[in-house]
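Chemist:
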Amino acid sequence: MTQPIPMVEIWRGDLLESQHLGHAVVCDASGNVVEAWGDDEKVIYPRSSCKMLQALPLIESGAADAFGLTSEHLALSCASHQGAAIHTDRVQVWLNDLGLSVSDFRCGPQRPDDKEAHEALVRAGKNPCQIHNNCSGKHGGFLTLNKHLGAGSEYVEVDHPVQRAAKAAFEEMTGERSEFYGIDGCSAPNFSTSVTGLARAMARMAKPSGSDSRAQASTRLVDAMRAHPELVAGEGRACTELMRAMDGKVAIKTGAEAVFTAILPEQGLGMALKIVDGGTRAAEAAIAGLLVKYGVLDENHPMARKRMYGPILSRSGLHAGRIRLSPDFIQL
1 MTQPIPMVEI
11 WRGDLLESQH
21 LGHAVVCDAS
31 GNVVEAWGDD
41 EKVIYPRSSC
51 KMLQALPLIE
61 SGAADAFGLT
71 SEHLALSCAS
81 HQGAAIHTDR
91 VQVWLNDLGL
101 SVSDFRCGPQ
111 RPDDKEAHEA
121 LVRAGKNPCQ
131 IHNNCSGKHG
141 GFLTLNKHLG
151 AGSEYVEVDH
161 PVQRAAKAAF
171 EEMTGERSEF
181 YGIDGCSAPN
191 FSTSVTGLAR
201 AMARMAKPSG
211 SDSRAQASTR
221 LVDAMRAHPE
231 LVAGEGRACT
241 ELMRAMDGKV
251 AIKTGAEAVF
261 TAILPEQGLG
271 MALKIVDGGT
281 RAAEAAIAGL
291 LVKYGVLDEN
301 HPMARKRMYG
311 PILSRSGLHA
321 GRIRLSPDFI
331 QL
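Quick note: full-length UniProt numbering has the sequence shown finishing at residue 332, numbered continuously throughout.
1. Closest to residue 390 by C-alpha separation, out of Val-259, Asn-190, Gly-108 and Leu-58, would be which residue?
2. Quick test of your reading: Gly-268 and Ala-29, contact by CB under 8 angstroms. State the CB separation rounded to the nearest angstrom.
3. Alpha carbons only, please: which of Ile-252, Ser-218 and Arg-220 is nearest the one belonging to Val-232?
4. Measuring straight from C-alpha to C-alpha, what distance separates Cys-27 and Gly-255?
5. Could you check whether the region 202-220 touches the region 259-276, counting it as contact only if at least three pairs of C-beta atoms, one from each stretch, sit closer than 8 angstroms?
6. To the nearest whole angstrom, what separates the beta carbons of Val-250 and Val-195, a pair I think is in contact under 8 angstroms?
7. For Arg-281, which three-state DSSP category applies?
8. Taking just the CA atoms, how far does Ala-282 sit from Ile-10?
9. To the nearest angstrom, report how far apart Gly-83 and Gly-38 are at their CA atoms.
10. Identify which residue in Asp-89, Pro-112 and Phe-170 has its Cα closest to the Cα of Gly-140.
11. For the region 319-327 against the region 3-18, do three or more pairs of beta-carbon atoms, one drawn from each stretch, fall closer than 8 angstroms, so that the two count as touching?
12. In the DSSP assignment, the beta strand (DSSP E) including Ser-18 goes from what residue to what residue?
13. Between the beta-carbon of Leu-332 and the beta-carbon of Glu-299, is there less than 7 angstroms?
14. Tell me the rounded alpha-carbon separation between Thr-70 and Phe-329.
15. On a Cα-Cα basis, can you pick out the residue from Cys-186, Lys-167 and Ser-61 that is closest to Phe-180?
16. If you follow the alpha helix (DSSP H) that Phe-170 is in, where does it begin and where does it stop?
Pasting the structure below:
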């Protein structure tokens, strides 16, 4: 099948009000497709769902060890955080340790999604800065690698050594040549791949082959994400809540425009999905459904039910509708 399939449905009363269509692939570490829905060769931008791949050169180059990075740093390098103090305080210390400042970032300022952090800025009459950007941890990794390489300051340019290293790792892990790139929200290049290529890369991180620097880097990044789910996203966020619900056995990562990936080390599997209309609620429901289907997430866990069956309420709290997985996708 080359067309997207219905994955998530929105019901209001007895009427199917909306459908979210998408593509999804599960791969094993050999690169084989275990199961697929929609068009498994659909070319997409993975957006932030591939930050783990972009962080591989940080470790492989020796930069992470040269600058004494901990598992918290590595988790932040894979993060799309919400700008809470738990995130920004750590990134600020990281910059200080590098002898750099917020002005060295190229990710751009962003209002923190964390309510407490946002309100604190308002009360203080301050504007958000680049450290509040949800990608500031990734850019902390870029700056660390850049300092290790002794390269120029414009590290987000596609031909910069940092981005050349990121692209090389990306293509090697996906097993595909990236034909084009787009500029992500944080100004860094985001390289294209198929949904299968993205799932293949996640499977290779789940079960790295050999004991070389790539395998070690993959393991360290996945372990960091599983150990620090609160740093990867934040309170109330799907990545954090679902990783906690799986007791740290699986690493998952969202990306803008409804991309989601999952790394299942015990099963040696990788997952990738893309919701065509870019709907976040559908991507969260779909990844939860896949994780339940493959036995790593309890269907009855409150965080699973929140994503797959979460009620839609009126503003006065009345039950108005419901989310559910399409039977064309997964029947649990």
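Note that CB positions come from ideal geometry on N, CA and C, so glycine has one too.
Modeler: Per the coordinate set shown:
1. The structure shown does not extend to residue 390, since the chain is modelled only from 1 through 332, so no value can be given for it.
2. As a first step, residue 268 is located in the sequence shown; it is residue number 268 there, counting from the start. As a first step, residue 29 is located in the sequence shown; it is residue number 29 there, counting from the start. Right, the Cβ-Cβ distance comes to about 5 angstroms (below 8 angstroms), so this counts as a contact.
3. Here residue 232 refers to the residue found at position 232 when the sequence shown is read from its first residue. If we check each option's Cα against that of Val-232, Ile-252 comes out closest.
4. Position 27 of the sequence shown, counted from the first residue, corresponds to residue 27. Position 255 of the sequence shown, counted from the first residue, corresponds to residue 255. Each residue's alpha carbon lies about 19 angstroms from the other.
5. yes
6. If you number the sequence shown from 1, residue 250 lands on position 250. If you number the sequence shown from 1, residue 195 lands on position 195. Rounded, the Cβ-Cβ distance is 19 angstroms, inconsistent with contact.
7. Working through the sequence shown from its first residue, we reach residue 281 at position 281. Looking at Arg-281 - three-state DSSP - the assignment turns out to be helix.
8. Residue numbering aside, residue 10 sits at position 10 when the sequence shown is read from its first letter. Residue numbering aside, residue 282 sits at position 282 when the sequence shown is read from its first letter. Those two C-alpha atoms are separated by around 9 angstroms.
9. Here residue 83 refers to the residue found at position 83 when the sequence shown is read from its first residue. Here residue 38 refers to the residue found at position 38 when the sequence shown is read from its first residue. C-alpha separation (whole angstroms): 35 angstroms.
10. Your numbering for residue 140 matches position 140 in the sequence shown. Comparing Cα positions, the closest option is Asp-89.
11. Contact between the region 319-327 and the region 3-18 is present, because at least three Cβ pairs lie under 8 angstroms.
12. Taking the first residue of the sequence shown as position 1, residue 18 is located at position 18. Here the beta strand (DSSP E) through Ser-18 covers 15-28.
13. Locating residue 332 in the sequence shown gives position 332, where the first residue counts as 1. Locating residue 299 in the sequence shown gives position 299, where the first residue counts as 1. In this structure, the beta-carbon distance from Leu-332 to Glu-299 falls below 7 angstroms.
14. Mapped onto the sequence shown, residue 70 falls at position 70. Mapped onto the sequence shown, residue 329 falls at position 329. Rounded to the nearest angstrom, the two C-alpha atoms are 39 angstroms apart.
15. The sequence position of residue 180 within the sequence shown is 180, counting from 1. Of the candidates Cys-186, Lys-167 and Ser-61, the one whose C-alpha sits nearest the C-alpha of Phe-180 is Lys-167.
16. To locate residue 170, count along the sequence shown from 1; it is residue 170. Run containing Phe-170: 161-174, per the alpha helix (DSSP H) assignment.
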